[in-house]
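Mind the numbering: the sequence shown is residues -19 to -1, 1 to 155 in mature numbering (1 follows the signal peptide of the UniProt record, and there is no 0), read in order. Where is the CB? At the ideal position from N, CA and C, for every residue including glycine.
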Amino acid sequence: MKFYTYLLMALAAVSMAMASAPAVSTPSTFVEIKAEIDLLSDSCSSLSKIPASPIVSVSVAAQISAEIQAVVAVFVDLKAMIQAYVGVLAVVEVDAILAVLVNVSVYLKLAVNILIALQIGGAGNDLLDLQVSVNAFVDAFLAIVPDASKDSATSTCQQIQQTATKGCSDYQTC
């Protein structure tokens, strides 16, 4: 009888310790990833709409550089979120993430061309580096998505890239 009493006391102590322990963080939900990726897309979209006026003040150049650094920071956070959650993504979620990432790449290409034309220090190069990172991440993402999503994800990615490339050539900026 004493054995069971001690066993119950030990179990109670363990469960109390577990209840007071900080919760282990769980991977981000798709909703959080989608919100972060939409933020990245919106930021890149605004960068792609910078007016290509020939005169750029120092303050405008500094503001653009700050926006680029903010976009880079969002992208770094987004990569970590996606990598933590990739094992449980549904096919539809993988396709949605890829669609936005490919659009982000197109926005970045447009912004790079504008910034290079404006000759704002290294901002064009920073953005070009970010575009290369986004494209590399799309490739890495395709390599780590669940097997059930691979064919659909690859097909979606190719389709979006073809559409984006056609849109760019029609727009004659990319």
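**Asked** By DSSP, does S29 sit in helix, in strand, or in coil?
**Response** In the structure shown, S29 sits in coil (DSSP, three-state: anything other than H, G, I, E or B).
**Request:** Helix, strand or coil for A47, going by three-state DSSP, please let me know.
**Result:** In this structure, A47 counts as helix in the three-state DSSP scheme.
**Request:** Rounded to whole angstroms, what's the CA-CA distance from V12 to A121? Just pull it up for me.
**Result:** So the alpha carbons of these two residues sit roughly 21 Å apart.
**Request:** With DSSP collapsed to three states, give me the class of L70.
**Result:** Correct three-state label for L70: coil.
**Asked** Are the region 44 to 60 and the region 15 to 28 touching by the rule of at least three beta carbon pairs closer than 8 Å?
**Response** Flag = yes, the region 44 to 60 and the region 15 to 28 touch.
**Request:** Taking only the alpha-carbon atoms, compute the straight-line gap between Q79 and I63 and give it to the nearest angstrom.
**Result:** First, the residue type needs correcting, since residue 79 is Leu and not Gln in the sequence shown. Roughly 11 Å separates the two Cα atoms.
**Message:** Pop quiz: L108 and L96 are said to be a contact at Cβ under 8 Å. What is the actual Cβ separation, rounded to whole angstroms?
**Reply:** That pair is a contact at about 6 Å.
**Prompt:** Cα separation between residue 162 and Q112?
**Reply:** Nothing in the structure corresponds to residue 162, since the chain is present only between -19 and 155.
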